[in-house]
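Take the position in the sequence shown, starting the count at 1, then add 519; the result is the number in the working numbering.
Glycine included, C-beta positions come from ideal geometry on N, C-alpha and C.
Comments concern the structure below.
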Amino acid sequence: MPRTWCGRRFCVEDLTQVRGVDVTAKELTVLGCAGLVEYQSRFLDRVLQRGEVTLTGLQACLERNPRARGMALARKLVAVLDSDTESAAERLFIELLRAETLTAVLADRALAAG
Numbered sequence: 520m521p522r523t524w525c526g527r528r529f530c531v532e533d534l535t536q537v538r539g540v541d542v543t544a545k546e547l548t549v550l551g552c553a554g555l556v557e558y559q560s561r562f563l564d565r566v567l568q569r570g571e572v573t574l575t576g577l578q579a580c581l582e583r584n585p586r587a588r589g590m591a592l593a594r595k596l597v598a599v600l601d602s603d604t605e606s607a608a609e610r611l612f613i614e615l616l617r618a619e620t621l622t623a624v625l626a627d628r629a630l631a632a633g
């Protein structure tokens with residue numbers, strides 16, 4: 520059931536309360552801010568790394584708010600995050616590390632041989 524807040528209709532999933540004050544939920548807030556910060560991809564990546572939101576949650580929020588301000592850019596940014604961003608060189612490097620039974624830490628994930 521949609522709710523009206525600040526003159527706009529919101530899905531219930533996109534609103535929450537903090538200390539008794541109605542605010543937008545994390546996913547909608549993150550998507551709305553993505554177009555306002557200087558390094559949009561880095562911002563979204565960091566929020567996801569910290570576990571503040573999930574990619575699935577961002578995608579669901581985009582589906583609920585297709586025409587909201589800033590969602591066109593947010594949709595493009597989330598699509599990039601959802602794609603396979605590892606290059607062929609990165610995949611080859613990982614294969615070589617595993618083949619040589621080496622352990623390394625790459626892009627926030629530990630790789631153990633074997």
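* Asked: For V540, which residues does DSSP report across the bridge?
  -> Looking at the DSSP assignment, V540 forms a beta bridge with V537.
What is the DSSP secondary structure of R522, reduced to helix, strand or coil?
Per DSSP, reduced to three states, the secondary structure at R522 is strand.
Keeping to the same chain, check which residues put their C-beta closer than 7 Å to that of R538; ignore five residues upstream and five downstream.
Closer than 7 Å at Cβ, skipping near neighbours: no residue.
Option in L547, E582, T548 and L574 with minimal Cα separation from L600: Between L600 and the set L547, E582, T548 and L574, the nearest pair of CA atoms involves L574.
### Task
Identify the continuous beta strand (DSSP E) that holds R528 and give its terminal residues.
Taken as a continuous stretch (DSSP letters only), the beta strand (DSSP E) holding R528 covers R527 to F529.
* To do: Evaluate V531 with the Cβ neighbour count: other Cβ atoms within 10 Å of its Cβ, from every protein chain shown; 16 or more gives buried, anything less gives exposed.
  => Under this definition V531 is an exposed residue.
> Just the Cα atoms here: how many angstroms apart are V656 and A598?
Replying inline: Nothing can be reported for residue 656: it is not among the residues displayed for the chain, which extend from 520 to 633.
Inset, instruction - Ignoring anything shorter than 4 residues or poking outside the segment 541-623, list the alpha helix (DSSP H) runs there in chain order. - result: With a minimum length of 4 residues, the continuous alpha helix (DSSP H) runs that stay inside the segment 541-623 are 545-553, 559-568, 574-583, 590-601 and 607-618.
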